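Q: Chains as they are written, first to last, in my numbering: chain P, 112 to 335; chain U, 112 to 335. Quick reminder that beta carbons are idealized off the backbone N, C-alpha and C, glycines included. Remember, predicted model here, so these are calculated numbers, not experimental data. Just dropping this structure here.
Number of protein chains: 2
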Amino acid sequence: MADTISVVIVDDHTMVREGTRRILDGEPDISVVGEAGDGTEALALAARLKPDVILLDIRIPLLGGIEVAQRVRGIAPDTKVIVLTAYDDDDYVLAAMEAGTAGYLPKTVRAAEVVDAVRAVAAGETVLHPSIARKIARFWRRGTIQSVAADEVCLTPREMDVLRLVARGLHNRQIAQALTVTVRTVEGHLASIFGKLGVDSRTEAVIYGLEHHWLDLGADDVGG
Amino acid sequence: MADTISVVIVDDHTMVREGTRRILDGEPDISVVGEAGDGTEALALAARLKPDVILLDIRIPLLGGIEVAQRVRGIAPDTKVIVLTAYDDDDYVLAAMEAGTAGYLPKTVRAAEVVDAVRAVAAGETVLHPSIARKIARFWRRGTIQSVAADEVCLTPREMDVLRLVARGLHNRQIAQALTVTVRTVEGHLASIFGKLGVDSRTEAVIYGLEHHWLDLGADDVGG
DNA sequence: GCCGAAATAGGGGTTTCCCTCGATGCGCTG
DNA sequence: CAGCGCATCGAGGGAAACCCCTATTTCGGC
Numbered sequence: 112m113a114d115t116i117s118v119v120i121v122d123d124h125t126m127v128r129e130g131t132r133r134i135l136d137g138e139p140d141i142s143v144v145g146e147a148g149d150g151t152e153a154l155a156l157a158a159r160l161k162p163d164v165i166l167l168d169i170r171i172p173l174l175g176g177i178e179v180a181q182r183v184r185g186i187a188p189d190t191k192v193i194v195l196t197a198y199d200d201d202d203y204v205l206a207a208m209e210a211g212t213a214g215y216l217p218k219t220v221r222a223a224e225v226v227d228a229v230r231a232v233a234a235g236e237t238v239l240h241p242s243i244a245r246k247i248a249r250f251w252r253r254g255t256i257q258s259v260a261a262d263e264v265c266l267t268p269r270e271m272d273v274l275r276l277v278a279r280g281l282h283n284r285q286i287a288q289a290l291t292v293t294v295r296t297v298e299g300h301l302a303s304i305f306g307k308l309g310v311d312s313r314t315e316a317v318i319y320g321l322e323h324h325w326l327d328l329g330a331d332d333v334g335g
Numbered sequence: 112m113a114d115t116i117s118v119v120i121v122d123d124h125t126m127v128r129e130g131t132r133r134i135l136d137g138e139p140d141i142s143v144v145g146e147a148g149d150g151t152e153a154l155a156l157a158a159r160l161k162p163d164v165i166l167l168d169i170r171i172p173l174l175g176g177i178e179v180a181q182r183v184r185g186i187a188p189d190t191k192v193i194v195l196t197a198y199d200d201d202d203y204v205l206a207a208m209e210a211g212t213a214g215y216l217p218k219t220v221r222a223a224e225v226v227d228a229v230r231a232v233a234a235g236e237t238v239l240h241p242s243i244a245r246k247i248a249r250f251w252r253r254g255t256i257q258s259v260a261a262d263e264v265c266l267t268p269r270e271m272d273v274l275r276l277v278a279r280g281l282h283n284r285q286i287a288q289a290l291t292v293t294v295r296t297v298e299g300h301l302a303s304i305f306g307k308l309g310v311d312s313r314t315e316a317v318i319y320g321l322e323h324h325w326l327d328l329g330a331d332d333v334g335g
């Protein structure tokens, strides 16, 4: 490795990117070599620059941060990824861990901690913010992260179709029309969904889907 | 008005605050005099420092950004507020306008634009990002912002109680128990809610509440 | 002191939802 | 090929949910 650590910053908020850049460029041993505002851009930069470290936000357009992290392993195996995000849901943290990231920090940390984290992962260490580490530990005690990921329920594509329409407030009859099937089929899928999610009403299913980021409200910020 | 513009930065993400601070402190005519990580802290700083400009995030703990903006008018009338946030929902934009803010910028803008905005509002101008301005214009054409705000439905406290429980997936029977009333009463409140929101199912009502930020999913990040 | 809004609650009805039994065909995999 | 998951439907029934109308009490305001 060179004596200066090359870093790429990925965040859809330009303000945040530029602020982070100034923080890191203020360090003599760190050099920001690129910025990306969405997932595909991030992968392109990773492939071209193969930086030592990528600071990666989770909620970015075009490609989710988790997927970016996974693919970076393939295209730039020596690049370490630090997830730096506002979101610290269990799902995000676990998914990031499985994607082989070298660190996970909430955006509430101080700048100095991020600088330290960059140096640490560049040196081969793993950096978890205490609050995140606690989360992990909790799951670990419950039987390893793998098993947590395994018990992750998985709806079929058709079931997702149904759930998405339920989450838009449609009745079974309307869903049936939208999917050109009978109401009975919709009910069948819903029964299956309820079973998998461990709920017993459409409203609970929608809540579950929103909490696990399977659905979004069509509006809201969506990385922008 | 001094020759240097005093600025307070409000954001719950320390990283973002420090990055923004470095951007602004790099300007000779701008001086960051304080940072706050939540709403109450922001008001305390506003009262004590009476800065020329406050850069304010919307989703902050303890007190929402909109409410902070409203109160700042009372405690520091000469202070201009620029909303700088990841969220650009109609509701947020309109609420911010009504709260008397001097600008509204998405976090996707470049640092230079924020710097310009700070100077502009300090000079008494109003700064709207083009994307935000379009939003406003759309509502304006539909009959002024006031009327939009007026047709804003308003649930009674009891109706909000019911809606919150509905949004947690409870059945009417469970809601009735939780509120120590009969199922009929819950149905009555729900009927009233449906009428006000213009929907006809509990699921739609929950979606409406989430989209308008009346509800949150209990989890998620809460702090944008 | 009356009026309106909110909260409470009931009667009686229709619709939708949800469950428990099934069944068929289709594609993939061991 | 023999399963197995997936998607598609059906019957029948009980339980919620939702709708329209009415009624009481309470409380704050003019």
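In three-state terms, what does DSSP make of Glu-138 of chain P?
A: Along the first sequence, read from residue 1 onward, the residue named residue 138 of chain P stands at position 27. In the structure shown, Glu-138 of chain P sits in coil (DSSP, three-state: anything other than H, G, I, E or B).
Q: For Ile-120 of chain P, write down the residues that DSSP places opposite it in a beta bridge.
A: Residue numbering aside, residue 120 of chain P sits at position 9 when the first sequence is read from its first letter. Ile-120 of chain P is bridged to P:Glu-146, P:Leu-166.
Q: Classify Glu-129 of chain U: buried if its beta carbon has 16 or more other beta carbons within 10 angstroms, exposed otherwise.
A: As a position in the second sequence, residue 129 of chain U is number 18, starting the count at 1. Buried: at least 16 other Cβ atoms inside 10 Å.
Q: Classify Cys-265 of chain U: buried if its beta carbon has 16 or more other beta carbons within 10 angstroms, exposed otherwise.
A: What you label residue 265 of chain U is simply residue 154 of the second sequence in a count that begins at 1. It counts as exposed.
Q: In chain P, which residues lie less than 7 Å from Glu-209 of chain U when you measure between Cβ atoms?
A: Within the second sequence, residue 209 of chain U is the residue found at index 98, counting from 1. Ordered by position in chain P, no residue passes the 7 Å Cβ test against Glu-209 of chain U, which lies about 20 Å from the chain.
Q: How many whole angstroms separate the CB atoms of Ala-187 of chain P and Leu-167 of chain P, which I take to be in contact at a CB cut-off of 8 Å?
A: In the first sequence, the residue the question calls residue 187 of chain P occupies position 76. In the first sequence, the residue the question calls residue 167 of chain P occupies position 56. So it is not a contact: roughly 13 Å between Cβ atoms.
Q: Using a Cβ-Cβ distance cut-off of 8 Å, determine whether Glu-129 of chain U contacts chain P.
A: The count along the second sequence starts at 1 and reaches residue 129 of chain U at position 18. With 8 Å as the cut-off, Glu-129 of chain U counts as an interface residue toward chain P.
Q: Identify each residue in the segment 286-301 of chain U for which the Cβ-Cβ distance to at least one residue of chain P is less than 7 Å, and report them in chain order.
A: Listed by position along the chain: nothing, the set is empty.
Q: Would you mind listing the beta strand (DSSP E) stretches within the segment 212-243 of chain U that are 3+ residues and don't spill past its ends, in chain order?
A: If we require 3 residues or more, the beta strand (DSSP E) runs fully inside the segment 212-243 of chain U come out as 214-217.
Q: Assuming Ile-193 of chain U is part of the beta strand (DSSP E), what are its boundary residues?
A: In the second sequence, residue 193 of chain U corresponds to position 82, counting from 1. 191-196 is the extent of the beta strand (DSSP E) around Ile-193 of chain U.
Q: Between Leu-276 of chain U and the rest of its own chain, which residues show a CB-CB distance below 7 Å, the 5 nearest in sequence each way excluded?
A: Reading the second sequence from its first residue, position 165 is the one you call residue 276 of chain U. Ile-286, Ala-289, listed in sequence order.
Q: Using a Cβ-Cβ cut-off of less than 8 Å, give me the residues of the segment 115-128 of chain U that come near chain P, in sequence order.
A: Result list: Asp-123, His-124, Thr-125, Met-126, Val-127.
Q: Just to make sure I have the definition right: I need the residues of chain U whose C-beta is within less than 8 Å of the C-beta of Ser-55 of chain P. Which are they?
A: Absent from the model: residue 55 of chain P. The displayed extent of chain P is 112 to 335, so no value can be given.
Q: Leaving out the 5 sequence neighbours to the left and right, which residues in its chain are closer than 6 Å to Arg-279 of chain P when beta-carbon positions are compared?
A: Against the first sequence, residue 279 of chain P aligns to sequence position 168. Cβ neighbours of Arg-279 of chain P beyond the five flanking positions: none.
Q: Nearest to Ile-134 of chain P by CA position, among P:Ala-228, P:Ala-197, P:Asp-199, is which residue?
A: By one-based count along the first sequence, residue 134 of chain P stands at place 23. The shortest C-alpha separation from Ile-134 of chain P is found at P:Ala-228.
Q: With a CB to CB cut of under 7 Å and the five nearest residues on each side skipped, what residues in its chain are close to Ile-270 of chain P?
A: Start at 1 with the first residue of the first sequence, and residue 270 of chain P comes out as number 159. In the sequence under discussion, the amino acid at residue 270 of chain P is Glu, which differs from the Ile named in the question. Only His-300, Ser-303, Ile-304 meet the Cβ criterion.
Q: For Lys-191 of chain P versus Ala-157 of chain P, is the C-beta distance shorter than 8 Å?
A: Locating residue 191 of chain P in the first sequence gives position 80, where the first residue counts as 1. Locating residue 157 of chain P in the first sequence gives position 46, where the first residue counts as 1. Going by C-beta atoms, Lys-191 of chain P is not nearer than 8 Å to Ala-157 of chain P.
Q: What residues in its chain sit with their C-beta under 7 Å from that of Asp-272 of chain U, if we drop five residues either side in the sequence?
A: Taking the first residue of the second sequence as position 1, residue 272 of chain U is located at position 161. If we look at Asp-272 of chain U and ignore the five residues flanking it on each side, its Cβ neighbours are Leu-290.
Q: Note down the Cα distance separating Gly-150 of chain U from Arg-295 of chain P, rounded to an integer number of angstroms.
A: Mapped onto the second sequence, residue 150 of chain U falls at position 39. Mapped onto the first sequence, residue 295 of chain P falls at position 184. Approximately 50 Å between the Cα atoms of the pair.
Q: Beta-carbon of Lys-218 of chain P versus every beta-carbon of chain U: anything under 8 Å?
A: For the purposes of this step, residue 218 of chain P is taken as residue 107 along the first sequence, with counting starting at 1. Chain U contact via Cβ: present.
Q: Kindly indicate if chain U contains any beta-carbon less than 8 Å away from that of Gln-257 of chain P.
A: Your numbering for residue 257 of chain P matches position 146 in the first sequence. Caution is warranted here: a pLDDT of 49 is assigned to Gln-257 of chain P, below 50, making its placement in the model unreliable, and no coordinate value can be reported.
Q: Could you check the C-alpha separation between Val-238 of chain P and Ser-142 of chain U for me, to the nearest Å?
A: Your numbering for residue 238 of chain P matches position 127 in the first sequence. Your numbering for residue 142 of chain U matches position 31 in the second sequence. Their Cα atoms are separated by approximately 34 Å.
Q: Reducing DSSP to helix, strand and coil, say where Ile-171 of chain P ends up.
A: Within the first sequence, numbered from 1, the residue matching residue 171 of chain P stands at position 60. Ile-171 of chain P falls in the coil class under three-state DSSP.
Q: May I ask you to report which of helix, strand or coil DSSP gives Leu-281 of chain P?
A: Position 170 of the first sequence, counting from 1, holds the residue named residue 281 of chain P. Residue state, collapsed to three classes: coil.
Q: What does Glu-315 of chain U touch in chain P if you count any residue whose Cβ is under 7 Å from its own?
A: What you label residue 315 of chain U is simply residue 204 of the second sequence in a count that begins at 1. Gly-280, listed in chain order.
Q: Does any CB atom of chain P fall closer than 8 Å to the CB of Leu-205 of chain U?
A: As a first step, residue 205 of chain U is located in the second sequence; it is residue number 94 there, counting from the start. It does not; no Cβ of chain P falls within 8 Å.
Q: Please name the residues in the segment 171-202 of chain P whose beta-carbon is closer than 9 Å to at least one beta-carbon of chain U, in chain order.
A: So the list reads Leu-195, Thr-196, Ala-197, Tyr-198, Asp-199, Asp-200, Asp-201, given in the order they occur along the chain.
Q: Let me see if you follow: with CB-CB separation under 8 Å, is Ile-318 of chain P close to chain U or not?
A: The sequence position of residue 318 of chain P within the first sequence is 207, counting from 1. Answer yes: the Cβ-Cβ gap between Ile-318 of chain P and chain U drops below 8 Å somewhere.
Q: Whose CA, out of P:Gly-185, P:Glu-146, P:Val-317, P:Ala-206, lies closest to the CA of Gly-175 of chain P?
A: Position 64 of the first sequence, counted from the start, is the residue given in the question as residue 175 of chain P. Here the closest residue by C-alpha is P:Ala-206.
Q: Return the CA-CA distance between Ala-244 of chain P and Tyr-203 of chain P, expressed in angstroms with no decimal places.
A: As a position in the first sequence, residue 244 of chain P is number 133, starting the count at 1. As a position in the first sequence, residue 203 of chain P is number 92, starting the count at 1. The alpha-carbon atoms of Ala-244 of chain P and Tyr-203 of chain P are separated by roughly 13 Å.
Q: For Gly-148 of chain U, does the count of other Cβ atoms within 10 angstroms reach 16, so buried, or fall short, so exposed?
A: Taking the first residue of the second sequence as position 1, residue 148 of chain U is located at position 37. Answer is buried; the Cβ neighbour count reaches 16.
Q: Report the rounded CA-to-CA distance for Pro-341 of chain U versus His-124 of chain U, giving the unit in angstroms.
A: No statement about residue 341 of chain U is possible, as the shown extent of chain U runs from 112 to 335 and does not include it.
Q: State yes or no: is the C-beta of Leu-328 of chain P within less than 8 Å of the C-beta of Tyr-319 of chain P?
A: Within the first sequence, the letter at position 217 stands for residue 328 of chain P. Within the first sequence, the letter at position 208 stands for residue 319 of chain P. Against a cut-off of 8 Å, the Cβ pair of Tyr-319 of chain P and Leu-328 of chain P comes out as no contact.
Q: When you compare the CB of Leu-154 of chain P with every CB in chain U, is at least one pair closer than 8 Å?
A: For the purposes of this step, residue 154 of chain P is identified with residue 43 of the first sequence, where counting begins at 1. Chain U contact via Cβ: absent.
Q: Give me, in chain order, the residues of the same chain whose beta-carbon lies closer than 6 Å to that of Asp-122 of chain P; leave out the 5 immediate sequence neighbours on both sides.
A: Along the first sequence, one-based indexing puts residue 122 of chain P at 11. Taken in chain order, the residues that qualify are Arg-128, Asp-168.
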